[in-house]
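To start, the structure itself, in structure tokens.
In this note's numbering, the protein residues as written are 2 to 216.
Here it is in structure tokens:
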């Protein structure tokens, strides 16, 4: 398989066929076997006339077909927006729709404060894609947090497909000449609940500021 997007042109995002290779071959006047090569071979080099046929039929660009650019329509403005902001085509299209509604004022209000917006998106990312599942401990010698590879550092348990990390509370006595801890195993998923709590707080902050300016 190659990194080209010829196959993507023929199917939708869910992998359902828009048309067969034979049907597309007739539309583009390209041999069906050649279309199969363009879609699957890692060694194939597209010809100029093949690129032109695909670009004209699907209203796209050769850069998109070859995987160089991430915007599909032949729209230089959209390509520039994507390059500048990092937004993909679907996100840009969504913003174009929002522009025609009253939501655009709310979006402008939210996006003007980078600190609040950054914190908001950070917690959404934490909720959607929690990657905090590695137990760590503070290394006094290095002065940084490091991964706890030794079970005695910070054990991690797995039960019923749920991961747990152990946290401790210092006690006022020692065991084997070491500070004793009362330990508690906390499910990693608790971070998702924490993220939701932070999101609610941020929304409340936005609400207070919005009411202050509009009343």
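C-beta: ideal position from N, C-alpha, C; glycine also.
C-alpha of residue 5 to C-alpha of residue 82: approximately 22 Å in a straight line. CA-to-CA, the gap between residue 53 and residue 12 works out to about 19 Å. Spanning the alpha carbons of residue 46 and residue 60 requires a straight line of approximately 21 Å.
For residue 69, the secondary structure class from DSSP, reduced to helix, strand or coil, is coil. At a Cβ-Cβ threshold of 8 Å, residue 199 and residue 124 count as neighbours. Note on residue 10: 16 or more other CB atoms within 10 angstroms of its CB, so buried under the neighbour-count rule. Per the coordinates, the alpha-carbon of residue 189 lies some 36 Å from the alpha-carbon of residue 105. Excluding five sequence positions before and after residue 93, the CB atoms of its chain that fall closer than 6 Å to its own CB belong to 79 and 82, given in chain order. Residues of the same chain with their beta carbon placed closer than 6 Å to that of residue 114 are lacking, with the five preceding and five following residues left out of the count. Sequence-distant partners of residue 26 (beyond 5 residues in either direction) whose C-beta falls short of 6 Å from its own C-beta, in its chain, are 33 and 36.
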